[in-house]
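Protein chains: 2
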Amino acid sequence: MTQIKAFSAVNETAPLSAATIERRLPKDNDVSINIEYCGICHTDIHQVRNEWGGSIYPMVPGHEITGIVAEVGAKVTKFKVGDRVGVGCFVDSCRTCTECKDGLEQYCSNGLVLTYNSTEHDGTPTMGGYSEKIVVNEDYVLRIPANLPLDAAAPLLCAGITLYSPLRHWGTGRGKKVAIIGLGGLGHIGVKIAHAMGAEVTVLSQSLKKKEEGLKLGADHYYATSDPETFTELQGRFDLIINTVSAALDWNLYLNLLKRDGALVVVGIPDTNIPVNAFPLVMGRKSVAGSLIGGIKETQEMLDFCGAHNIACDIELIPIQKVNEAYERVLKSDVKFRFVIDMATLKA
Amino acid sequence: MTQIKAFSAVNETAPLSAATIERRLPKDNDVSINIEYCGICHTDIHQVRNEWGGSIYPMVPGHEITGIVAEVGAKVTKFKVGDRVGVGCFVDSCRTCTECKDGLEQYCSNGLVLTYNSTEHDGTPTMGGYSEKIVVNEDYVLRIPANLPLDAAAPLLCAGITLYSPLRHWGTGRGKKVAIIGLGGLGHIGVKIAHAMGAEVTVLSQSLKKKEEGLKLGADHYYATSDPETFTELQGRFDLIINTVSAALDWNLYLNLLKRDGALVVVGIPDTNIPVNAFPLVMGRKSVAGSLIGGIKETQEMLDFCGAHNIACDIELIPIQKVNEAYERVLKSDVKFRFVIDMATLKA
Chain A
1 MTQIKAFSAV NETAPLSAAT IERRLPKDND VSINIEYCGI CHTDIHQVRN EWGGSIYPMV
61 PGHEITGIVA EVGAKVTKFK VGDRVGVGCF VDSCRTCTEC KDGLEQYCSN GLVLTYNSTE
121 HDGTPTMGGY SEKIVVNEDY VLRIPANLPL DAAAPLLCAG ITLYSPLRHW GTGRGKKVAI
181 IGLGGLGHIG VKIAHAMGAE VTVLSQSLKK KEEGLKLGAD HYYATSDPET FTELQGRFDL
241 IINTVSAALD WNLYLNLLKR DGALVVVGIP DTNIPVNAFP LVMGRKSVAG SLIGGIKETQ
301 EMLDFCGAHN IACDIELIPI QKVNEAYERV LKSDVKFRFV IDMATLKA
Chain B
1001 MTQIKAFSAV NETAPLSAAT IERRLPKDND VSINIEYCGI CHTDIHQVRN EWGGSIYPMV
1061 PGHEITGIVA EVGAKVTKFK VGDRVGVGCF VDSCRTCTEC KDGLEQYCSN GLVLTYNSTE
1121 HDGTPTMGGY SEKIVVNEDY VLRIPANLPL DAAAPLLCAG ITLYSPLRHW GTGRGKKVAI
1181 IGLGGLGHIG VKIAHAMGAE VTVLSQSLKK KEEGLKLGAD HYYATSDPET FTELQGRFDL
1241 IINTVSAALD WNLYLNLLKR DGALVVVGIP DTNIPVNAFP LVMGRKSVAG SLIGGIKETQ
1301 EMLDFCGAHN IACDIELIPI QKVNEAYERV LKSDVKFRFV IDMATLKA
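Keeping their order, the protein sequence lines are chains A and B.
Under this note's numbering, the residue at position 65 of the first sequence is numbered 65, and the numbers go up by one with no gaps.
Numbering-wise, this note's numbering comes out as the position in the second sequence, counting from 1, plus 1000.
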């Protein structure tokens, strides 16, 4: 085992603070990564504060990890020391179920091993990216394209794939009209990716406050959902609406904005049930669906796509000592558009 | 105009009774059909009783019509006198919108002309199949395969296509597992069609009362939804679940029965919103969707498919004088599996 520096939460009410944790030595198929950057995802806050129950403490959050390969196990073939790599929301899966065999490990039916707040197959609790180093089986490590900066690329590992996967799955491309509800960490990268895929992109945001940024990111249109006119004007407009907002919405209003065969896809889980009216579903063969991050193969495809289109996230880089403050700002949506922790500051 | 015999409702509380109505003389592209049979759809009852609002009286219901061509307009090319034909839920559409051009007239965005309780483009109220004759533009007339009896084929025009279309759209075939909720008029033909498409078919019914019939119709499995064990045993089992029941259900229980990428499709419209939990949607990329009958092209395809597989509905044939009694029995689900009116009895 190696002792390394990290920031951890000791219980659900404690702020994150400096700690020392242990990482295993690389096994034959493991890659040891010096973490350079880690994004802050809203999920980190939910889990640190045990808002979904079942949190494991001490907890080192973080699943938007980028860094440099420091060491490789004897049988590693995919990576070598010095490679620029990333780790996303999971670090292992069963590898045998239909989902794993289909390259959709995120839906693994025998227990996905999440990057933190989870346990390895041998029972060891997993610890995330707010730390110096992480040791991961090479099959769950991603390659970061050379032209993408490691800090701005970090949130692609969760926010990026969370939007890329449903955009691809529901056929986004030239001639398609896509709306993104919410222009936060998820929404802003969704706009960039959908635009790069060739779609006509509309942002549906509560207000027009971030309109200028939205258009700069690649949106063709920007509407305020606080204005009832929006829901009249945009009726029957979209092939796909992706909802990145967890707050309760009037879902049926949004279903009316879909074309025939359109889909409203949720990528977050609201606290309450979605009260869906069957009428718009039946009258236009519309659907309400969900999507969860993406598999390893698709995550690599997303990174390569972002490399080819020179897309990364718009971030605010912070020292790890400001992480608790950053959490408060995330809760107020006071960030454009994702916080990324500079892990060099862990050594300070 | 021609005066013909029919059964109509004069207001929302009156029983259906004998009446004389007028039909237009066939225009150049019209087909005049001597109606031999008409199925009774639950929709007929909803509309006769104005349960959805906006009903137009006097109303002659009926949109599961079969009969023989009696006369054709000067420019009719698709049909000739003596042909065995059918008319379904609509008799015209705008022909210019994307939906019409895509052959999905049922979703016509400029006003579908329903077979009854609707108005023609010239404002004339439409009158349905509980009548001697109907005059319909040839483009909205279907051909009934020679081997299908006209009485048992009648309910294919609504019930049949209502199930066939979503089964096809969501890829039913060999190797697929399909569940049908409810074994009524819709469910029973859904079982036959899904079975003929090669799928493994499961009926999910409140009780096991109709199990024997269900298996005879082609179901491979039959489960009672009143038994909580059903929802444990069938978890993650189905590619597609079609809900033919309008009553309120615990939708989230059914979502758990879907595989990854599975769809729960509603073909009826429940009175209340569907409270869907986003968790199963996100955790398995599942969807809740709707589907409405089918277009003319697909309805003909369905009829030809039923002809090729020798499939028609299991019906109880009644004289039109028993229609009000039949309505009461439909409301109690006391029919195996669809009432069809023998229109010869209209002359009695």
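Each residue gets a CB set at the ideal place from its N, CA and C atoms; glycine is no exception.
_Local conformation of residue 310(A) per DSSP, three classes_ = coil
*Identify every run of the beta strand (DSSP E) within the segment 216-255 of chain A, keeping only runs that are complete inside it and at least 3 residues long; order them along the chain.*
221-224 and 238-243
*Compare the beta carbon distance of residue 274(A) and residue 1276(B) with 8 Å and say whether it is the shorter of the two.*
yes
*Environment of residue 1344(B) [buried if 16+ CB atoms lie within 10 Å]*: exposed
*Among 1034(B), 1077(B) and 1043(B), which has the Cα closest to the Cα of residue 1067(B)?*
1034(B)
_Contact between the segment 1183-1194 of chain B and the segment 1278-1290 of chain B (3+ Cβ pairs under 8 Å)_ = no
*With DSSP run on the structure shown, which of helix, strand or coil describes residue 137(A)?*
strand
*Looking at the unbroken beta strand (DSSP E) that takes in residue 323(A), where does it start and where does it end?*
Note, residue 323(A): premise wrong, no beta strand (DSSP E); alpha helix (DSSP H) at 323-331.
_Cα-Cα separation between residue 1181(B) and residue 1048(B), rounded to whole angstroms_ = 26 Å
*What residues from the segment 261-287 of chain A come within 9 Å of chain B, judged by C-beta to C-beta, listed N to C?*
261, 263, 265, 266, 267, 268, 269, 270, 272, 273, 274, 275, 276, 277, 278, 279, 280, 281, 282, 283, 284, 285, 286 and 287
_Contact list for residue 1291(B) against chain D, beta-carbon separation under 9 Å_ = Of the protein chains in this structure, namely A and B, none is chain D.
*Considering only C-alpha positions, which residue in the set 24(A), 17(A), 9(A) and 56(A) is nearest to residue 1(A)?*
24(A)
*Closer than 8 Å by C-beta to residue 1012(B): which residues in its own chain qualify, once you throw out the five before and the five after it? Chain order, please.*
1048, 1049, 1050, 1055 and 1057
*Checking contacts by CB at 8 Å: is residue 104(A) closer than that to chain B?*
yes
*asked:* Quick check on the DSSP output: what are the complete alpha helix (DSSP H) runs of length 4 or more inside the segment 93-156 of chain A, in order along the chain?
replied: 98-101 and 150-153
*In this structure, does DSSP put residue 68(A) in helix, strand or coil?*
strand
*Evaluate the contact criterion for the segment 1308-1316 of chain B versus the segment 1141-1154 of chain B: three or more CB pairs, one atom per stretch, below 8 Å.*
yes
*What number of angstroms, rounded off, separates the C-alpha of residue 231(A) from the C-alpha of residue 1006(B)?*
44 Å
*Between the segment 295-311 of chain A and the segment 320-332 of chain A, do at least 3 Cβ pairs fall closer than 8 Å?*
no
*Among the residues of its own chain, which have a CB less than 6 Å from the CB of residue 236(A), if the five just before and after it don't count?*
259
*Kindly indicate which residue of 229(A), 281(A), 227(A) and 342(A) has the alpha-carbon position closest to the one of residue 252(A).*
281(A)
*Please confirm if residue 1099(B) has its CB atom under 8 Å from at least one CB of chain A.*
yes
_Are the CB atoms of residue 1112(B) and residue 1105(B) within a distance shorter than 8 Å?_
yes
*asked:* Quick check on residue 186(A): does DSSP put it in helix, strand or coil?
replied: helix
*asked:* Can you pull out the residues from the segment 107-118 of chain A whose beta carbon lies closer than 8 Å to at least one beta carbon of chain B?
replied: 107 and 109
*In its own chain, which residues sit with a C-beta less than 7 Å from the C-beta of residue 1317(B), not counting the 5 before and 5 after it?*
1151, 1340 and 1342
*Let me know the secondary structure DSSP gives residue 57(A) once reduced to three states.*
coil
*For residue 76(A) versus residue 132(A), is the C-beta spacing smaller than 8 Å?*
no
_For residue 189(A) and residue 159(A), what's the separation of their Cα atoms in angstroms?_
7 Å
*Looking at the unbroken beta strand (DSSP E) that takes in residue 1048(B), where does it start and where does it end?*
From DSSP, residue 1048(B) is part of no beta strand (DSSP E) but of the alpha helix (DSSP H) over 1042-1048.
*asked:* Considering only DSSP beta bridges, list what residue 1272(B) is partnered with.
replied: Paired residues: none, contrary to the question.
*Between which two residues does the alpha helix (DSSP H) harbouring residue 337(A) extend?*
First-last for residue 337(A): undefined, no H or E at that position.
_Mapping the DSSP letters down to three states, classify residue 1347(B) as helix, strand or coil._
helix
_Between the alpha carbons of residue 86(A) and residue 29(A), how many angstroms are there, rounded?_
16 Å
_CB-CB length for residue 1167(B) against residue 1127(B), believed under 8 Å_ = No, residue 1167(B) and residue 1127(B) are not in contact; Cβ-Cβ is about 31 Å, not under 8 Å.
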